[in-house]
Amino acid sequence: MIIKISNLSNGEYYYTFDKKIEEIELSEPFIGNILVEAKLQKSKRQIVLNADIKAKVIFECDRCDEKFEKELINDYKIVYYFSSEINDEEQIDIKYISINTDKIDLSNEVRDYAQLAVPMKKLCKEDCKGLCVNCGKNLNSENCKCNSKEIDPRWLPLEKLKNNIK
Ligand SMILES: [Zn+2]
Ligand SMILES: [Zn+2]
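Residue numbers for the sequence shown follow this note's numbering, so the first one is 2 and each next one is one higher.
Structure follows, in structure tokens:
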């Protein structure tokens with residue numbers, strides 16, 4: 002994901018990348034292509050880059066173990082400063098580049114930010130019912146007999162008492 006910046010006059014530019022995940026060294030849980038829409042604003046002293054990332058993943062649901070496909074999105078902004086001296090103290094969103102730099106490569110940032118979009122909790126849907134702890138059936142698609150007795154809330158205190166005695 003390379004943008005040529007030599008001979009680029011000051012102004013605003015838009016780029017779209019549609020690359021196979023392998024090309025930026027992404028693998029599982031990512032699949033297919035990764036889409037990046039980038040806006041670049043060049044001025045005399047700096048380049049401001051905004052990028053929107055769209056990626057597809059296959060997750061296994063934390064509750065029901067079913068595989069499901071999901072689209073992940075993320076975005077980031079980086080300012081590339083033209084500087085004659087290379088500054089070691091690069092911050093996450095600031096990079097220093099030589100005035101003679103002819104291209105910038107987005108691959109590393111796109112890969113990092115795509116990976117940051119992977120959530121800790123992976124649910125096929127918000128209200129996934131999960132698997133029955135007793136019989137292991139997927140409660141999204143079938144009801145099992147284990148918990149079929151709905152207890153009238155008015156009897157709940159009594160039910161608790163009963164369980165304590167057991
Ligand atoms: Zn699920
Ligand atoms: Zn069950």
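Backbone N, C-alpha and C define an ideal beta-carbon position, used for all residues, glycine too.
Please read all numbers here as calculations on a predicted model, not as lab measurements.
{"Asked": "With a cut-off of 7 Å, give the chain-ordered residues whose Cβ is closer than this to any heavy atom of ligand 1.", "Found": "C62, R64, C65, E67, L124, C125, K126, C129, G131 and N141"}
{"Asked": "Look up V119 in the DSSP assignment and say whether it is helix, strand or coil.", "Found": "coil"}
{"Asked": "Just to check, is the beta-carbon of N139 closer than 7 Å to a non-hydrogen atom of ligand 4?", "Found": "By its list of ligands, the structure shown excludes ligand 4, since it contains just ligand 1 and ligand 2."}
{"Asked": "Within 8 Å, do at least three Cβ pairs link the region 114-124 to the region 56-69?", "Found": "yes"}
{"Asked": "Please list, in chain order, all residues with a C-beta atom less than 5 Å from at least one heavy atom of ligand 2.", "Found": "C133, N135, C136, C145 and C147"}
{"Asked": "Taking 6 Å as the limit between beta carbons, can you name the residues of its chain near Y114, skipping five residues before and five after?", "Found": "I54, N75 and Y77"}
{"Asked": "Tell whether a beta-carbon distance below 8 Å holds between K40 and N51.", "Found": "yes"}
{"Asked": "Starting from E61, follow the beta strand (DSSP E) in both directions and report where the run begins and ends.", "Found": "Q47 to E61"}
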